[in-house]
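Residue 805 in the UniProt record's numbering sits at position 805 of the sequence shown, with consecutive numbering throughout. The C-beta atom is built at its ideal place from N, Cα and C for all residues, glycine as well. Single-structure report; data block below.
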Amino acid sequence: MMASLAQSRAPATPDMADAVCAYTTSAPYMPVKEATAWLAGLLGWHEAWHSRAAMIADEIVAALLAVGVFGTGVGFGHLLLVPLAPRCVLVPGVGSVHLSARPVATNAGQNADQQQGAVPGGLFKAADVGEEVISFAEAIGLPPLDEEMLDALSGTIVQARAGVALRDLGADWQKRLVILCCGFDTAQGLWRMDATRAAAVLAWAGLVPDIEPGKAHDPDQALVISLPVDRRVIVTAGPGSGKTHVVCQRLAQLLDAGTAAPRMWLLSFTRVAVEELRDRIAAAINRPDEARALNVATFDSFANRLLNATLPAGAQRPSGHDAAVRAALQMLRDPPAAVTGFVAGLAHVVIDEAQDLQGDRLELMRAFLELLPAGCGVTILGDAAQSIYGFSTSPVGDSALHSLLDPMPSYATMTLGTDHRTRNPRLADFFVATRATLNAKGQSGHVIYALTRQSIERFATPAPRGVLDPVLPPGQGSMVLFRGRRAILSESHRLMRADVAFRLRPSGHGDLIQPWIGAALAGLPGRAMVASAEIAARIEGVQAVIQGRDLDQLWTDLNHLSDSPGAQLDMSRLQRRLGQSLPPRLLRRFLGHAGPLLGTIHGAKGLEADSVLLMLPYAPPDTPFAGTQDRTKADPLEEARVLYVGATRAKSKLYIGSQRPSHMQKLAGGRLWRGYTGDFSVEIGLAGDVLPILPAADPQTRAAALMTAAEALAAPGLSPKAVPGVALRDEKNRAWAIYRANAQGLSIGPPLGQLSREAVADIARIAGCDVAALPGRIGGFFLSGAATCTWTDGDDSGIALVPVVCGLASISMESNP
């Protein structure tokens, strides 16, 4: 034993325990202080342990006493170590473990794990086969497992998963459980329980089902999911840790346990996210209909619902989401009786993606939480390392001071520590190390950004040609991520010009409604009740855009949207509903149907791909790396987190490319353009840029034009790639009609839609001329499939199918005749 400690390797924890046992039993009387000092002196000879030898020795001797290897007695004025009878304990997830003051001889047949300890980093070695064992509950002195004890047991496992010192555990059974099931982290002096052993103990206690053969089980998830309804907890959830699964299963468990759905709220950022969460909750519970009664909302819609419930009829509503959030915040700070009554009836609130709450939305949630009654539980989930929206509402650096993820009184802190996304072990280790860099204290944001970027550049595989680089795997298993909208607009336009197939996560387009609705209903009277037989016939006729969907479900969706009788469809109601929030299944999430997915890092949160190409900017945009700090500039720490979020979308392989600097300018409304007023390119296809083609006031002529456009857009056999488009001015109504274009840029086929007045006015503003002076031909942009829209023109209205326009339109005033 002494020889093994003198070797160059750092001593293993069971070696230390054996050393204490051997030294203690070598004399008839051994004071506790002497044994501890002896081990500390022995460890001090090794360079790795010199500075913390006393701390390690104290913890090892305390553990041997706590678990019953030694007892104590008094002799000659000293507290003495008294060896106790050897025992073997059957530890869940570990097996039989030998507890003895006499060092266990290493059998030749034992494997390396047994020689190093039954638990990696643990004190004790495995028992021999056939030795008599005592139960785990008997060995640790566990009281009867009533509800209170099960709660205490799960809480101990939570502490052990994060790392705990024996001095921080109050009960003897907690210390014994930790010593038998945990490894000892000598660097920090903490005992840690890995996921496998935690899952085994939870299953042993009946807190979770037994693990099925061949299936993994995440104890961190199980601990959060099984918490009582009134528990308040802050859950740190790293990338790929199964946060969405936990959110859904947490609420599903509460619903199945009898908590009424209307008494619970789930709040998150995007409408698509909350609707997907509702669908997953419905699939996880015994009574799916209850999920529809669950209050699932974005933070903005939550604010609006509060205002609608409290403002008197006819009162003016705030204009815009930000104004509504501010008004709701002021109301919660001085709540009327209706609000206090509503809050008093709540049983549980879940707040998802808490790290991205900033400004007034953060204060809104704080005010809401402060109003909750004592018996209302709260689950807050997020990850500080993925906080990337501070730029939107808060000055640089201020947002971190008010995070909902910071410890709060009466809130327990838990962690989802297992990465279920990353399939490459080296990539997983890299993500863990990078996350530690982001969470390091005492480093400046500039240093953390530099370290994060350097780590990514050293680890990832270069792809100098970006999406066109042959190292990037083909197919739909890849994702290409950019820092901002300028870069993705420039790159996507380049790829469309090169006739490369890709998918695009739209930014600025607004909600794109699935095209089958417009294809089936284009040209129908706007204020009519249409028979189901006619709708069914129309749906049958647009198979190209239905893409294998169930026809009965399509009819059900239309009836549900229009709130119509089963035999008819109310077109007026349907139009109004299409202008409001829609379920995610009725929206287009991506443009294109083949190739890698292009998107911004911010837009990719919650997504993942086998391979990710991360396009690195030359430096954080507008960041002052030297000189006086300007608080209007980007925060380098947040920029580091942005790179981390982008990198952690990868499951198997991470590539990096170089993002060329963009020299685009931005109009007041957000439209991007580049060049100069005489010859420029302008972003086209933003929300409201494209309208249906309405050639005349005559209803029959309009209906025919709308149906012709819909038939052309829904025709089978069209390329999944974006195709060139051109807009030509109609001299009769002075509108720019949109067509497909051939290789020479000439229009082909019927008109598919027209540019809106707002889009044309922006183009004229850049050119510095009147709309009438613009060229009669606008080209250079592309068409990527179609989307449904509603239209109104005076007393007339209807539903149409319009092309989805994207890319950069080219404007040359020099060539204007």
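Item	Value
Please report the distance separating the alpha-carbon of P716 from that of A709.	14 Å
Which value, in whole angstroms, describes the spacing of the CA atoms of G627 and M664?	Low per-residue confidence applies at G627: pLDDT is 37, beneath 50, and the placement is therefore not dependable, though the value from the model is reported in the following sentence. Going by the C-alpha atoms only, they are around 26 Å apart.
Taking only three categories from DSSP, how would you classify K651?	strand
Are the beta-carbon atoms belonging to G798 and L554 less than 8 Å from one another?	no
Would residue 818 be called buried (16 or more neighbouring beta carbons within 10 Å of its own) or exposed?	Absent from the model: residue 818. The displayed extent of the chain is 1 to 817, so no value can be given.
Go through the segment 148–205 residue by residue and report every complete run of the beta strand (DSSP E) that reaches 3 residues or more, in order.	183–185 and 190–192
Nearest by alpha-carbon distance to L166: which of I811, V133 and M55 is it?	M55
Contact defined as beta carbons within less than 8 Å: I believe F70 pairs with V82. What is the distance between those atoms, to the nearest angstrom?	6 Å
Measure the C-alpha to C-alpha separation of L357 and S319 and round it to an integer number of angstroms.	21 Å
Would you list the residues sitting across from V233 in a DSSP beta bridge?	T379 and A412
Taking DSSP's pairing of strands, which residues face D796 in a bridge?	D793
Give a yes or no on whether the C-beta atoms belonging to V723 and G745 are separated by under 8 Å.	no
Is the Cβ-Cβ distance between V612 and L654 less than 8 Å?	yes
Just verifying my parser: in three-state terms, what is the DSSP assignment at W673?	strand
Rounded to whole angstroms, how far is the Cβ of F136 from the Cβ of P86, which I believe are closer than 8 Å?	That belief does not hold up - the Cβ atoms of F136 and P86 are roughly 17 Å apart, past 8 Å.
Using three-state DSSP, classify W265 as helix, strand or coil.	strand
With three or more C-beta pairs closer than 8 Å as the rule, is the segment 468–486 touching the segment 601–609?	yes
So what does DSSP say about P14, is it helix, strand or coil?	helix
Would D419 and G240 qualify as a contact pair, given that the criterion is a beta-carbon distance under 8 Å?	yes
Looking at the strands, I want to know which residues DSSP matches up with Y739.	V726
So is Q275 buried or exposed if we call it buried at 16+ other beta carbons inside 10 Å?	Looking at the sequence provided, one finds Glu at residue 275 rather than Gln. By the 10 Å Cβ count, E275 comes out buried.
Starting from T600, follow its DSSP beta bridges and name the residues at the other end.	F482
Please state whether DSSP places T340 in a helix, a strand or coil.	helix
With distances taken Cα to Cα, identify the nearest neighbour of Q659 among L586, L558, S490 and P335.	S490
Identify whether V89 lies in helix, strand or coil by the three-state DSSP scheme.	strand
Using CA coordinates, which residue listed in L586, A303, W265 and A17 is at the minimum distance from V360?	The question names Val, yet the displayed sequence has Asp at residue 360. Considering only alpha carbons, the answer is A303.
Which partner residues of K33 appear in the DSSP bridge assignment?	None, per the DSSP bridge assignment.
Is the beta carbon of H509 closer than 8 Å to that of L686?	yes
Taking the straight line between their C-alpha atoms, what separation do you get for A634 and I456?	20 Å
Taking DSSP's pairing of strands, which residues face S96 in a bridge?	L90
Within 10 angstroms of its Cβ, does L694 collect 16 or more other Cβ (buried), or is it exposed?	buried
Where does the unbroken alpha helix (DSSP H) through V224 begin, and where does it stop?	P219 to I225
Would you mind listing the beta strand (DSSP E) stretches within the segment 413–446 that are 3+ residues and don't spill past its ends, in chain order?	none
Taking contact to mean 3 or more Cβ pairs, one atom from each stretch, closer than 8 Å, check whether the segment 504–522 and the segment 594–608 are in contact.	yes
How many Å lie between residue 818 and R250 at the Cα?	Nothing about residue 818 can be read from this structure; the chain reaches only from 1 to 817.
By DSSP's criteria, P462 is part of a beta bridge. Which residues make up the other side?	I656
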